[in-house]
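Going by our numbering, the sequence shown opens with residue 15, and the numbers climb by one from there.
Where is the CB? At the ideal position from N, CA and C, for every residue including glycine.
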Amino acid sequence: MVKRPVALLGDKIIGIETIYTSINGMQINDRIKLKELRAKSRAKQLFCPCGCGANLVLVAGDKGLREQHFRMPEGENKAECKVSIESQTSIFSRIVLKCWLDEKLHAVDIEARVPICEVDDSNRKYEFSFFSRTRKIALSYTPDRQNLSEEKLRILDNNSVGLSVLYFVDMMNRCNNGQYPESLMKVQERQGYCLLLSVKTYYQEAELEVLFYEKDNYGIWKEITVVSGLLNDFDIDNEGQICFSGETLISLVTKKRSSFVRSLEEEKERKKQQEAQQREREEQWRKQQEERQREIEEQWRKQQEEQRKREEQKKKQVSASLEKKATVKKEEYLPIEEASFLQQDTPVIDSQGNRWLKCKDCGKIKKEKDFLSWGGKNSINLGKCKECYNNPEEKTVENIQFESIKKSVGPDVCPECGGILKERNGQYGRFMGCCNYPDCRYTRKI
């Protein structure tokens, strides 16, 4: 911090920046103004601006002109004095801006720290950092964006009718974190852009960046740089407009804003296309999933249909097999059944315990309950059924029936007892013998 950067000369505030100027683009202290100010200091015409009445002395340091400031004479100390202080950044920036205005305006009436009451009829304490009456240009420099109050800017606006006001803000106040730059937007709304000043050591090293703030498509505030470079690369035209490379900043900002808006529109269009492509991909994926689901369902239906057909085919095969077996059994049953009644040694009883008999008259085979009489020598399975007993005309010739049965049973059935003939070895060779041997002694040569 710098103590006592200003002094009161008559009714004007004199800042340390008033003794500097620019020569061939270099920051130089003005020898004439320095002598004039030192003479006024020796004449005790410089006073403390706080109103304590103390005289101030201009101090010129031997380590560099930037250390010059005002102080009280040695031995004088006023307890009621309120020492004014200012940051080095603010002092250096004011010196740099003073050099820039001297170089670009070529005006001899550039004043520093001009109160509003000297420009218009306001008696508020606000001031212009620099003011040229002949060029009708005022410059307002703010080292801290907290000082960019709406009240201050409104008063500056109301008391600068007919003037071209340039608003400069220190570079440290930039806002590029996506938030709404409330303070800098107050400046942007007035001059269409923001001027951010960066001061290192001297005027020839000072840099200026021109930018503006706009929202992107997502509502995030973007900091768009229009142009940047050394401060002495920027000029001021006759209309009080700042220029860079022969073109006004207003024109450059307009082009940059148009380019930014166009990029936003292109981004919107790209986003629409991407969203459309995404929807198309999702629709294709959905259709593929539906098609795959249909294929799975169709495959499942085919499998079910094939399974049903296999089961039906299997049922048909089983049914046909059972029917075939039943037919074969039925075809085989008759000769076996008929043959069973050719033997008269054991009764014929089925698996359910029913006894079966054969009628000697009609040849019919019926259950025991349908017969009135049966049995006798060599006729244990023969009898007389009720039908033949009640109707004698139903009688048939047993021998004819028996011969028919004999023909139907085939060569492997014993004609005497109905047993099965088997091939056997005997004393005189091989022969066919009844399985009921020794009860049945029927044999036949092969």
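What's the gap between the Cα of residue i and the Cα of residue j?
i: Ala326; j: Arg308; result: In the sequence on display, residue 326 carries Glu and not Ala. Looking at the two C-alpha atoms, the distance is approximately 26 Å.
i: Glu305; j: Arg293; result: 18 Å
i: Val201; j: Arg188; result: 12 Å
i: Tyr216; j: Cys113; result: 10 Å
i: Thr35; j: Gly233; result: 45 Å
i: Lys214; j: Ala220; result: 6 Å
i: Phe61; j: Asn173; result: 28 Å
i: Thr103; j: Gln288; result: 49 Å
i: Cys376; j: Pro452; result: 31 Å
i: Pro195; j: Met185; result: 14 Å
i: Gln463; j: Glu312; result: Nothing about residue 463 can be reported from this structure: the residues present for the chain run from 15 to 460 only.
i: Phe248; j: Phe258; result: 5 Å
i: Glu319; j: Ala290; result: 42 Å
i: His120; j: Arg204; result: 26 Å
i: Trp370; j: Lys400; result: 14 Å
i: Ser387; j: Cys454; result: 25 Å
i: Gly447; j: Lys328; result: 44 Å
i: Val411; j: Lys374; result: Low local confidence applies: a pLDDT of 43 at Val411 is under 50, so the model's placement there is unreliable, with the coordinate-based value given in what follows. Each residue's Cα considered, the two are about 8 Å apart.
i: Ser242; j: Arg147; result: 29 Å
i: Gly433; j: Ile363; result: 16 Å
i: Phe445; j: Thr457; result: 7 Å
i: Val20; j: Lys58; result: 15 Å
i: Gln298; j: Ser272; result: 38 Å
i: Leu225; j: Asn161; result: 20 Å
i: Gly176; j: Ile169; result: 14 Å
i: Lys323; j: Arg295; result: 41 Å
i: Pro157; j: Ser163; result: 13 Å
i: Pro429; j: Asn395; result: 16 Å
i: Asn404; j: Tyr442; result: 53 Å
i: Lys380; j: Lys372; result: 6 Å
i: Ser115; j: Gly39; result: Note that residue 115 is Leu in the sequence shown here, rather than Ser. Looking at the two C-alpha atoms, the distance is approximately 11 Å.
i: Arg300; j: Lys316; result: 24 Å
i: Asp359; j: Leu435; result: 17 Å
i: Gln366; j: Gln321; result: 39 Å
i: Ile27; j: Gln255; result: 27 Å
i: Glu88; j: Glu117; result: 37 Å
For residue i, which of the options has the nearest alpha-carbon?
i: Asn246; options: Gly233, Glu337, Asp230, Ser212; result: Ser212
i: Val183; options: Cys448, Leu222, Cys376, Ser174; result: Leu222
i: Thr238; options: Thr215, Thr268, Glu253; result: Note on identity: in this sequence residue 238 is Ile, with Thr being the wrong assignment. The candidate whose alpha carbon is nearest that of Ile238 is Thr268.
i: Lys459; options: Asn450, Arg438, Gln331; result: Arg438
i: Ile130; options: Arg149, Asp116, Leu167; result: Leu167
i: Ile30; options: Glu203, Glu280, Glu125; result: Glu125
i: Ile33; options: Gln59, Asp25, Pro63, His83; result: His83
i: Arg149; options: Val122, Asp384, Lys391; result: Val122
i: Lys54; options: Ser365, Leu22, Gly367; result: Leu22
i: Arg159; options: Lys118, Leu210, Gly192; result: Leu210
i: Cys449; options: Tyr442, Asp426, Gln441, Gly443; result: Asp426
i: Gln218; options: Gly443, Glu382, Phe445, Leu111; result: Leu111
i: Leu153; options: Arg45, Glu141, Asp384, Tyr403; result: Glu141
i: Asn191; options: Ile105, Asp171, Tyr227; result: Tyr227
i: Ser107; options: Pro87, Gln321, Phe144, Ser333; result: Phe144
i: Val97; options: Gly254, Leu263, Lys17; result: Lys17
i: Tyr181; options: Gln193, Glu165, Leu198; result: Leu198
i: Phe385; options: Lys391, Lys49, Val179, Gly397; result: Gly397
Looking at the strands, I want to know which residues DSSP matches up with residue i.
i: Tyr34; result: Asn43
i: Met446; result: Glu437, Arg458
i: Phe106; result: Partner(s): none; Phe106 has no beta bridge.
i: Cys399; result: Phe385
i: Thr156; result: Val183
i: Gly29; result: Val20
i: Cys431; result: According to DSSP, Cys431 bridges with nothing at all.
i: Asn69; result: Phe61
i: Ala126; result: Phe144
i: Arg85; result: Val71
i: Val332; result: Note: Val332 sits in no beta bridge, so no partner.
Considering only residues of the stretch 238–309, which uninterrupted beta strand (DSSP E) runs meet the minimum length of 3 residues and lie entirely inside it, listed in chain order? 248–250, 256–258
So, do the stretch 59–71 and the stretch 267–280 have three or more beta carbon pairs nearer to each other than 8 Å? no
Minimum length 4: unbroken alpha helix (DSSP H) runs contained in the stretch 179–240: 196–205
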